[in-house]
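Report on the following structure.
Residue numbers (my numbering): 23 to 243.
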């Protein structure tokens, strides 16, 4: 049979161990809570830092685009200025050559050099004027070509509209029908050369214009 003192000793020891275990569990739970809190704090800080980094990268990209755009605009302005000043610089260089002549040159030689420089300047100005005139002539020729194409399309449409009338009509009746429609002058006056016309009295035919009357008179000869 066990000694009661031994049993009490073991019970006290077990109770102390249980109390110690409870304290350790409480400390462990507190450490876990602290760890969770630290993890959340670090996650928030990392997200905040990531957002700041992204904002800085966006600002950097925006600044780089702005710098590139400014450089492109600057280059464009410089090119335009070079184009504008190129012709002026050529003339200025010619004039500078005139004033850099040596003093020991004779008067006739200086005058001859001045005449040569002025002739060169005049030739340059004539070339520029010829280039401008050539551009104007090209534009006028293009407009005339478009006008002729439009007239050709109009004539073709008139021919297609009146084509079926030629199958059952005589040539004179066909011409009379064109005169009544007011289309003969449009179709024929452009292609018939200027010849003396004979005016005739058209009986029973409705002629829409004097030009149609003249064309009808031509075909009546």
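Virtual Cβ for every residue (Gly too), placed ideally from N, Cα, C.
Alpha carbon to alpha carbon, how far is residue i from residue j?
i, j, result
"residue 245", "residue 62", "The chain is shown from 23 up to 243; residue 245 falls before or after that span and cannot be answered."
"residue 156", "residue 82", "51 Å"
"residue 69", "residue 90", "31 Å"
"residue 92", "residue 99", "10 Å"
"residue 176", "residue 97", "51 Å"
"residue 32", "residue 38", "10 Å"
"residue 142", "residue 149", "11 Å"
"residue 73", "residue 52", "32 Å"
"residue 58", "residue 29", "43 Å"
"residue 221", "residue 174", "The pLDDT assigned to residue 221 is 39, lower than 50, so where the model puts this residue is not dependable; a value taken from the coordinates is nonetheless given after this. Answer to the nearest angstrom: the Cα atoms are 28 Å apart."
"residue 145", "residue 153", "12 Å"
"residue 166", "residue 151", "23 Å"
"residue 50", "residue 60", "15 Å"
"residue 102", "residue 179", "49 Å"
"residue 137", "residue 84", "58 Å"
"residue 80", "residue 86", "10 Å"
"residue 55", "residue 47", "12 Å"
Here's the rule: buried if 16 or more other CB atoms are within 10 angstroms of the residue's CB, otherwise exposed. What is residue i?
i, result
"residue 217", "The predicted position of residue 217 is uncertain, since its pLDDT is 38 and thus under 50; a value taken from the coordinates is nonetheless stated next. Exposed, because fewer than 16 other Cβ atoms sit within 10 Å of the Cβ of residue 217."
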